[in-house]
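**Q** Handing you this structure, nothing more for now.
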Amino acid sequence: MVPAGAARPAATGTPDAGAHGITCTPSASRQMPPLLLGQPADAEGPVFREPWEAQAFALVVSLHEAGLFSWNEWAATLSARIVTAQLGGDPDLGTTYYHHWLAALEDITRAKGLA
Numbered sequence: 001m002v003p004a005g006a007a008r009p010a011a012t013g014t015p016d017a018g019a020h021g022i023t024c025t026p027s028a029s030r031q032m033p034p035l036l037l038g039q040p041a042d043a044e045g046p047v048f049r050e051p052w053e054a055q056a057f058a059l060v061v062s063l064h065e066a067g068l069f070s071w072n073e074w075a076a077t078l079s080a081r082i083v084t085a086q087l088g089g090d091p092d093l094g095t096t097y098y099h100h101w102l103a104a105l106e107d108i109t110r111a112k113g114l115a
């Protein structure tokens, strides 16, 4: 079940105007990358508490689809951010997941010379 006020992408991560300004619509030509361990989701896919979470998600998917990094590179970068946060005391309750996602996006764009 999606929390009240949460936005969700459909199978592609393509942003579209909707509740809180962010929902996503399916596209037959695109396939969503697999969920990552710890990614907030329900039976239908990822869920987002705030519009910026959906925007960060869509940006990562778009950069990946553009060939700027592989999904394995992304998963490793995000995992490193999460491990660092856990070692620093993050209780890993799921509420900080997209904060790590955004920090990892900053890390990978710097590492790839995109920032």
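In the UniProt record's numbering, the protein residues as written are 1 to 115. Yeah, the Cβ is synthetic: ideal placement off N, Cα and C, and Gly gets one too.
Buried or exposed for N44, please, with buried defined as at least 16 other CB atoms from any protein chain shown within 10 angstroms of its CB.
**A** It should be noted that the sequence gives Glu, not Asn, for residue 44. It counts as exposed.
**Q** Indicate the three-state DSSP secondary structure (helix, strand or coil) for residue 119 in the structure shown.
**A** Outside the modelled stretch of the chain, which goes from 1 to 115, sits residue 119, for which no answer is possible.
**Q** Going by DSSP in three states, P46 sits in which element: helix, strand or coil?
**A** Strand at P46.
**Q** Report yes if the C-beta distance between K112 and L59 is below 8 Å; otherwise report no.
**A** Their beta carbons are not under 8 Å apart, which means K112 does not touch L59 by this criterion.
**Q** Beta carbon of T109, beta carbon of A103: below 8 Å?
**A** No; because the gap between Cβ atoms is not below 8 Å, this pair is not in contact.
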